[in-house]
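*Asks:* Below: one structure in structure tokens.
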Amino acid sequence: MDLFNYIFDFVSGADDGFREIEKEIERLFVRQILAPAKKYEINQIKQEAKKNTRLTINSIQGSLSAVNNKIDVSMKGEFASKVIETIDSKKKEYEKVLEE
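Letter by letter, the sequence shown follows residues 1449 to 1548 of our numbering.
Structure representation (structure tokens):
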């Protein structure tokens, strides 16, 4: 019976060793291959989002400038100057978004 326990312990130890090796290989695979690929994908998505945001904001600023010019031509007085001032302040807010 003692010999059986000895053999069982030996085989169990080898099995545990293989499991540890397998776990370490999986950890290395995740750290060395999967994680860098995931980070690259995330960075690509962020860059694409920034590019699209920049295009959208530039378009919005152009539209605000066009509206501002039309108001300047068609309206006069204190109301028009307040509207133009508000539009200019909103344009500056969009510029702050681009800087971030």
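Glycine is no exception: its CB is placed at the ideal position from the N, C-alpha and C atoms. If you're wondering where the values come from, they're calculated on a predicted model, not measured in any experiment.
Pick from Asn1517, Ser1513, Phe1527, Ala1528: whose alpha carbon is nearest that of Lys1540?
*Replies:* Working through the sequence shown from its first residue, we reach residue 1540 at position 92. Among Asn1517, Ser1513, Phe1527, Ala1528, the Cα nearest to that of Lys1540 belongs to Ser1513.
*Asks:* Within the stretch 1482 to 1537, note down every full alpha helix (DSSP H) run reaching 4 residues or more, in order along the chain.
*Replies:* You should have 1483 to 1522.
*Asks:* Expressed to the nearest angstrom, what Euclidean distance is found between the alpha-carbon atoms of Glu1496 and Glu1470?
*Replies:* Position 48 of the sequence shown holds residue 1496. Position 22 of the sequence shown holds residue 1470. Their Cα atoms are separated by approximately 38 Å.
*Asks:* Kindly list the residues whose CB is nearer than 7 Å to the CB of Val1531, restricted to its own chain and excluding five residues on each side of it in sequence; keep chain order.
*Replies:* Mapped onto the sequence shown, residue 1531 falls at position 83. Correct list, in chain order: Ile1519.
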